[in-house]
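*Asks:* The structure under discussion is supplied below as structure tokens; questions concerning it will follow.
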């Protein structure tokens, strides 16, 4: 296929995530103050979008307390640096089974809540973007499943759209793109459509280039897309995504290292991505240009 390199690239920084990385690097932010500060530093470094989860400020464990999201939102909105805010809506679909001999009832680690509760922080905080994980998926853990049924996804997406927040589809495999197309066909997700291709997350789409191009080739013409890969392939995927016509995501949610043995900050990862993008002859665009491209509206929390 001919190259269709993207010449105007936006960078997303995934600031902290919900993985068990809190004890692996001192740079992984925990408290709302730390998360917001790291997001602001990433924006100063060139990120047009900051994608935020929240964590328990004491333990660093993943959390979904709306009060934590509100504090992160208010701190970012009050900063002197502008950035597009993207909040996760991936929490609340965690199912941990009881092992192969007695899978039911579910055991500790299960956190299954309704659609209204899963998106309440989005409704209250009114970010420009929020994520919708478009499918159920086995993760690396032996008996853990990320559960997102078609009914749940339709309900969540309708609530997101009604709140005025644009959806960023997160696709971990080609079937997730298939269902995303269905949501667009049903009118639940409106144009312009944005999708994040999530590569190398066990057990979703592996991050080899054949699979990546299969994902890219399944993104409909006219959709906007970005991509990332985990760990050591984070920076190679900056180049691969731009070369294939997309935008890029970096950040401590996906990778802790700037290079082998050197722990990174979010700002350093964004700076490295900016260097790669610009060295390829492309231009990094900021939040205002992205809002115009995606028809986003910056709003204060309710």
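Numbering (this note's numbering), first residue to last: 2 to 303. In this text, a Cβ means the ideal position worked out from N, Cα and C, and glycines have one as well.
Excluding sequence positions up to five away, which residues of its chain have a Cβ less than 8 angstroms from the Cβ of residue 305?
*Replies:* As displayed, the chain neither begins before 2 nor continues past 303, which places residue 305 out of reach and without an answer.
*Asks:* For residue 303, does the count of other Cβ atoms within 10 angstroms reach 16, so buried, or fall short, so exposed?
*Replies:* Taking the first residue of the chain shown as position 1, residue 303 is located at position 302. By the neighbour-count rule (16 or more Cβ atoms within 10 Å), residue 303 is not buried but exposed.
*Asks:* In the DSSP assignment, find the beta strand (DSSP E) that holds residue 227 and state where it starts and stops.
*Replies:* For the purposes of this step, residue 227 is taken as the residue at position 226 of the chain shown. Here the beta strand (DSSP E) through residue 227 covers 225 to 230.
*Asks:* Closest to residue 177 by C-alpha separation, out of 150, 102, 156, would be which residue?
*Replies:* Taking the chain shown and counting its residues from 1, one reaches residue 177 at position 176. Taking only the C-alpha atoms, the option nearest residue 177 is 150.
*Asks:* Assign residue 5 to one of two classes, buried (16 or more other C-beta atoms within 10 Å of its C-beta) or exposed (fewer than that).
*Replies:* Translated into the one-based positions of the chain shown, residue 5 becomes position 4. Classification for residue 5: exposed.
*Asks:* Would you say the region 199 to 207 touches the region 146 to 163, given that touching needs at least three Cβ pairs under 8 angstroms?
*Replies:* Judged by Cβ distances under 8 angstroms, the region 199 to 207 makes no contact with the region 146 to 163, as fewer than three pairs qualify.
*Asks:* Measuring only the C-alpha atoms, how far is residue 209 from residue 231?
*Replies:* Reading the chain shown from its first residue, position 208 is the one you call residue 209. Reading the chain shown from its first residue, position 230 is the one you call residue 231. Going from the Cα of residue 209 to the Cα of residue 231 covers about 12 angstroms.
*Asks:* Using the Cβ count rule (16 or more neighbours within 10 Å means buried), how would you classify residue 226?
*Replies:* Within the chain shown, the letter at position 225 stands for residue 226. The residue in question, residue 226, is buried, as its Cβ has 16 or more Cβ neighbours within 10 Å.
*Asks:* Quick one, which of 108, 214, 165 has its alpha-carbon nearest residue 100's?
*Replies:* Residue numbering aside, residue 100 sits at position 99 when the chain shown is read from its first letter. For the residues 108, 214, 165, the minimum Cα distance to residue 100 belongs to 108.
*Asks:* Might you give, ordered along the chain, the residues of its own chain that have their beta carbon closer than 6 angstroms to the beta carbon of residue 217, omitting 5 neighbours on each side?
*Replies:* Along the chain shown, read from residue 1 onward, the residue named residue 217 stands at position 216. Same-chain partners within the cutoff: 245.
*Asks:* On a Cα-Cα basis, can you pick out the residue from 16, 298, 296, 224 that is closest to residue 89?
*Replies:* Looking up residue 89 in the chain shown gives position 88. The shortest Cα separation from residue 89 among 16, 298, 296, 224 belongs to 16.
*Asks:* Short check: CB of residue 253 to CB of residue 234, under 8 angstroms?
*Replies:* On the chain shown, residue 253 is found 252 positions in, with the first residue counted as 1. On the chain shown, residue 234 is found 233 positions in, with the first residue counted as 1. For residue 253 and residue 234, no; Cβs fall outside 8 angstroms.
*Asks:* Are three or more beta carbon pairs between the region 78 to 86 and the region 62 to 70 nearer than 8 angstroms?
*Replies:* Not touching, per the Cβ criterion.
*Asks:* Please determine if the region 44 to 57 and the region 6 to 14 are in contact, where contact requires at least 3 C-beta pairs separated by less than 8 angstroms.
*Replies:* Touching, yes.
*Asks:* May I ask you to report which of helix, strand or coil DSSP gives residue 192?
*Replies:* In the chain shown, the residue the question calls residue 192 occupies position 191. Here residue 192 sits in coil by DSSP.
*Asks:* How long is the line joining the alpha carbons of residue 301 and residue 87, rounded to whole angstroms?
*Replies:* Indexing the chain shown from 1 puts residue 301 at position 300. Indexing the chain shown from 1 puts residue 87 at position 86. Roughly 13 angstroms separates the two Cα atoms.
*Asks:* CA-CA distance, residue 139 and residue 95?
*Replies:* The residue labelled residue 139 in the question sits at position 138 within the chain shown. The residue labelled residue 95 in the question sits at position 94 within the chain shown. If I take the Cα positions, the gap works out to 11 angstroms.
*Asks:* For residue 125, name the three-state secondary structure that DSSP assigns.
*Replies:* Residue numbering aside, residue 125 sits at position 124 when the chain shown is read from its first letter. Residue 125 falls in the helix class under three-state DSSP.
*Asks:* Could you give the DSSP three-state label for residue 167: helix, strand or coil?
*Replies:* To locate residue 167, count along the chain shown from 1; it is residue 166. Strand at residue 167.
*Asks:* Quick one: complete beta strand (DSSP E) runs, 3+ long, within the region 198 to 279?
*Replies:* The qualifying runs are 225 to 230, 248 to 251, 258 to 260.
*Asks:* Buried or exposed for residue 132, please, with buried defined as at least 16 other CB atoms from any protein chain shown within 10 angstroms of its CB.
*Replies:* Taking the chain shown and counting its residues from 1, one reaches residue 132 at position 131. Answer is buried; the Cβ neighbour count reaches 16.
*Asks:* Between residue 232 and the ligand MN, is there a pair consisting of the residue's CB and a ligand heavy atom that are separated by less than 7 angstroms?
*Replies:* The ligand content of the structure shown is nil, which means the ligand MN is not present either.
*Asks:* Considering Cα atoms alone, identify which of 215, 207, 156, 219 is closest to residue 189.
*Replies:* For this step, residue 189 is matched to residue 188 along the chain shown. The residue with the shortest Cα to Cα distance from residue 189 is 156.
*Asks:* Could you tell me the boundaries of the beta strand (DSSP E) in which residue 132 lies?
*Replies:* One-based indexing of the chain shown puts residue 132 at position 131. Per DSSP, residue 132 belongs to the beta strand (DSSP E) from 130 to 134.
*Asks:* What are the partner residues of residue 70, as DSSP defines its beta bridges?
*Replies:* As a position in the chain shown, residue 70 is number 69, starting the count at 1. According to DSSP, residue 70 bridges with nothing at all.
*Asks:* Figure out for me which residue from 30, 53, 102, 291 has the closest Cα to the Cα of residue 59.
*Replies:* Counted from its first residue, the chain shown places residue 59 at position 58. Of the listed residues, the one whose Cα sits closest to residue 59 is 30.
*Asks:* Mapping DSSP to helix, strand and coil, what is residue 61?
*Replies:* As a working mapping, residue 61 is identified with position 60 in the chain shown. Coil, per DSSP.
*Asks:* Using only the alpha-carbon positions, how far apart do residue 19 and residue 43 sit?
*Replies:* For the purposes of this step, residue 19 is taken as the residue at position 18 of the chain shown. For the purposes of this step, residue 43 is taken as the residue at position 42 of the chain shown. When rounded, the distance between both Cα atoms is 18 angstroms.
*Asks:* Between residue 258 and the rest of its own chain, which residues show a CB-CB distance below 7 angstroms, the 5 nearest in sequence each way excluded?
*Replies:* For the purposes of this step, residue 258 is taken as the residue at position 257 of the chain shown. Here the set comprises 264, 265.
*Asks:* Take residue 220 as the anchor and find which of 262, 24, 239, 193 has the nearest alpha-carbon.
*Replies:* Along the chain shown, one-based indexing puts residue 220 at 219. Here the closest residue by C-alpha is 193.
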